[in-house]
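Per the working numbering: the sequence shown = residues 6 to 132. Virtual Cβ for every residue (Gly too), placed ideally from N, Cα, C.
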Amino acid sequence: MDTAQIAVTGGGVALIGFILWFFFGPRGATAARQTQSGVQEVEVVVRGGYTPDRIEVTQGRPVRLTFLRNESNPCTEQVVLGDFGIARTLPEGERVAVEFTPEKAGEFTFHCSMNMVRGTLIVRPAV
Ligand SMILES: [Cu+2]
């Protein structure tokens, strides 16, 4: 192989590696912050999606997700946490705290009322 072939092959291998990482690599989650009273807190900004959209908490401890909707798009006006029986309206520019205690470990989805915009709540087992 000459230099050009090596470069092309190397580039191809790097590209494949990047694609594999992009689609199948570990995705970062934001861990909740623990308050003094033991509440696991995360602020979620709602604007074209949820930021962060992967939130990690520990099972069996109270969680407070504070949603701040920074857009007027009616799509995200409601947030639904179906597994916890919660649905809340998010007025634009207001902080809305949603509190619950996840009793089961696993991955749970929260989403807009149309289920178009989604986020994941990862509940880690308590150790
Ligand atoms: Cu929607």
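request  = Throw me the rounded Cβ distance for the Glu61 and Ala34 pair, which I believe falls under 8 Å.
outcome  = Counting from one through the sequence shown, the residue named residue 61 turns up at place 56. Counting from one through the sequence shown, the residue named residue 34 turns up at place 29. Right, the Cβ-Cβ distance comes to about 4 Å (below 8 Å), so this counts as a contact.
inquiry  = Suppose you measure from the CA of Glu112 to the CA of Val128; what does that come to, to the nearest Å?
reply    = Residue mapping note: residue 112 aligns to position 107 of the sequence shown, counting from 1. Residue mapping note: residue 128 aligns to position 123 of the sequence shown, counting from 1. Taking the straight line from one Cα to the other gives about 6 Å.
key: Residues of its chain near Leu70, where Cβ-Cβ distance is below 6 Å and the 5 sequence neighbours each way are ignored   = Residue numbering aside, residue 70 sits at position 65 when the sequence shown is read from its first letter. Taken in chain order, the residues that qualify are Val47, Val49, Val103.
ask   = Which partner residues does Leu73 have in the DSSP bridge list?
value = Counting from 1 along the sequence shown, the entry for residue 73 is found at position 68. Its beta-bridge partners are Val50, Arg100.
query = Closest by CA to Thr63, which one among Phe72, Ala36, Leu73?
reply = Position 58 of the sequence shown, counted from the start, is the residue given in the question as residue 63. Comparing alpha-carbon positions, the option among Phe72, Ala36, Leu73 lying closest to Thr63 turns out to be Ala36.
query = Does DSSP put Ala36 in a helix, a strand or coil?
reply = One-based indexing of the sequence shown puts residue 36 at position 31. Strand.
request  = Just grab the DSSP bridge partners of Leu126 for me.
outcome  = Taking the sequence shown and counting its residues from 1, the one referred to as residue 126 is at position 121. Per DSSP, Ile60, Phe113.
query = Span of the beta strand (DSSP E) holding Thr141?
reply = With the chain covering only 6 through 132, there is no way to say anything about residue 141.
request  = Report the three-state DSSP secondary structure of Thr14 (helix, strand or coil).
outcome  = Taking the first residue of the sequence shown as 1, we reach residue 14 at position 9. Thr14 falls in the helix class under three-state DSSP.
CB contact flag (Phe72, Leu86, <7 Å) = Numbered from 1 along the sequence shown, position 67 holds the residue referred to as residue 72. Numbered from 1 along the sequence shown, position 81 holds the residue referred to as residue 86. The answer is no: Cβ separation not under 7 Å.
request  = Measure the alpha-carbon distance for Gln41 versus Tyr55 and round it to whole angstroms.
outcome  = Within the sequence shown, numbered from 1, the residue matching residue 41 stands at position 36. Within the sequence shown, numbered from 1, the residue matching residue 55 stands at position 50. Going from the Cα of Gln41 to the Cα of Tyr55 covers about 26 Å.
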